[in-house]
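S.K.: The sequence shown maps to residues 1021 to 1278 in my numbering. The C-beta atom is built at its ideal place from N, Cα and C for all residues, glycine as well.
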Amino acid sequence: VNLDKELRESILNENWLLLYQPKLDIKTNVIVGVEALIRWKHPIRGILSPYEFIEFAEQRGLISAIGDWVIKTACIQIQSWITQGIDCKISVNVSAMQLKEEDFSGRLIRTLIAHGIPPRQFELELTESTLMNNFDIALPCLKRLNSSGIKIAIDDFGTGYSSLGYLKNLPISILKIDRIFIKDICNDANDKQIVQALINMAHSLNMKVIAEGVEETDQLELLKAYNCDEIQGYLLSKPITSEEITVMLSKPSHLKIN
1021 VNLDKELRES ILNENWLLLY QPKLDIKTNV IVGVEALIRW KHPIRGILSP YEFIEFAEQR
1081 GLISAIGDWV IKTACIQIQS WITQGIDCKI SVNVSAMQLK EEDFSGRLIR TLIAHGIPPR
1141 QFELELTEST LMNNFDIALP CLKRLNSSGI KIAIDDFGTG YSSLGYLKNL PISILKIDRI
1201 FIKDICNDAN DKQIVQALIN MAHSLNMKVI AEGVEETDQL ELLKAYNCDE IQGYLLSKPI
1261 TSEEITVMLS KPSHLKIN
């Protein structure tokens, strides 16, 4: 009961924080996008990760209000970067509950227009289970978003259903390979085969591939050899504040991993 009350108060007071984790284009060695990651600024317990409240918020029907704040804040951030001459995409995680909302796609498109955000600078990330459990609802919504220029990414690919059927039928532009396959990629022959196969399959379907959880240079070198498009992970940066990411994006010469 306390958590419910605290969440509702935090929604009213906007006690949230967005952190940003950069994504590096392997071929150009330049940061081309960031993933927005929410944190709860809890008045007593401090900064809380999504694992500590998102599922509860979904159960209580509060996720849409939190999701709206994330989208609005991400748009304000892109707007700020545009005025500074910084070209960077932001990807935002979307839950099944948001997809089920009436006119979610329309509201999102109107929010982008209101903030003067080109759709190509905004991406949505959805997990496999979200898509598979809500396929009939998700399909028209995602088609509309995709036709407006917003790119759709599958997050944590390979950990859920991994159905090729939905990859074929949904307007997916980006496939994110889960960190579970990247962690031991340098030592595990099976992980090497899986990652290589996923990259080849995604490219044959005209999808871009992002490897998550990249922490070591050896992993990066292997992903380069496999023709992966982008990486995300602690090798590049942990999730950082908007001020820190803006400094990083303003000094491209400091970004490079050699």
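#1: Would you tell me roughly how many angstroms separate the C-alpha atoms of E1122 and I1074, rounded to the nearest one?
#2: Residues in its own chain within less than 7 Å of P1139 by CB, not counting five upstream and five downstream?
#3: Would DSSP call F1073 helix, strand or coil?
#4: For Y1254, which three-state DSSP category applies?
#5: To the nearest angstrom, how far is the alpha carbon of I1172 from that of L1242?
#6: Using three-state DSSP, classify N1226 as helix, strand or coil.
#7: Quick one: what's got a C-beta closer than 8 Å to I1031's C-beta in the same chain, skipping five residues either side?
#8: Rounded to the nearest angstrom, how far is the Cβ of N1154 from that of K1120, given a contact under 8 Å?
#9: Taking 8 Å as the limit between beta carbons, can you name the residues of its chain near K1258, skipping five residues before and five after?
#10: Distance check for N1022 and G1281, CA to CA, integer angstroms please.
M.R.: Quick answer:
#1: Taking the straight line joining both Cα atoms gives about 21 Å.
#2: Answer for P1139: L1132, S1168, G1169 and I1170, listed in chain order.
#3: Correct three-state label for F1073: coil.
#4: Coil, per DSSP.
#5: Using only the alpha carbons, I get a separation of about 26 Å.
#6: Three-state result, N1226: coil.
#7: Cβ within range, chain order: L1082, A1085, I1086 and W1089.
#8: Rounded, the Cβ-Cβ distance is 7 Å, consistent with contact.
#9: Around K1258: Q1041.
#10: Because residue 1281 is not part of the residues shown, which for the chain are 1021 to 1278, the question remains open.
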